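Taking it in order: structure first as structure tokens, then the write-up.
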Amino acid sequence: MQNKKSIRFYKDHEVRAIWDDAQNKWWFSVLDVVGAINEQDDYQKTRNYWKYLKAKLRKENSELVSATTQLKFRAADGKLYNTNSLENYINQTI
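Note that the sequence shown ends on residue 266 in the working numbering; no numbers are left out.
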């Protein structure tokens, strides 16, 4: 699936993306999207905010706008880590 990788920008923040040939859509790193929307450059603060938001939505029995899945994205240290990913619903705005 991960043969095409891309970095998009939203408000000057990087948003990592991976193309899925089988489903014909882009997947975006949730943490990158959350950081860009909140204009937050601190990875740990972004990660904590996403963790808090997911817990709050679960507690309220709310569903996420899009189902998330775990995909491997390359991190700043050059290693691949599983990261929550959103499918291309946001593609129209990025």
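Ideal Cβ placement from N, Cα and C applies to all residues, glycine included.
Because the structure is a prediction, the values reported are computed rather than measured.
Exercise for the section: Indicate the three-state DSSP secondary structure (helix, strand or coil) for K226 in the structure shown. Expected result: The residue given as residue 226 occupies position 54 in the sequence shown. Correct three-state label for K226: helix.
Exercise for the section: Below 8 Å CB to CB, which residues in the same chain sit around K244 once its five sequence neighbours on both sides are set aside? Expected result: In the sequence shown, counting from the first residue as 1, residue 244 sits at position 72. For K244, where only same-chain residues beyond five positions count, the Cβ hits under 8 Å are Q174, L252, Y253, N254, T255.
Exercise for the section: Return helix, strand or coil for D192, following the three-state DSSP convention. Expected result: By 1-based counting over the sequence shown, the position of residue 192 is 20. DSSP places D192 in strand when its eight states are reduced to three.
Practice task
Closer than 8 Å by C-beta to E211: which residues in its own chain qualify, once you throw out the five before and the five after it? Chain order, please.
Solution key: Counting from 1 along the sequence shown, the entry for residue 211 is found at position 39. Answer for E211: K183, H185, listed in chain order.
Handout entry: C-alpha distance - E232 paired with N196, whole-angstrom precision
Key = Taking the first residue of the sequence shown as position 1, residue 232 is located at position 60. Taking the first residue of the sequence shown as position 1, residue 196 is located at position 24. Near 32 Å, if we compare the C-alpha coordinates of N196 and E232.
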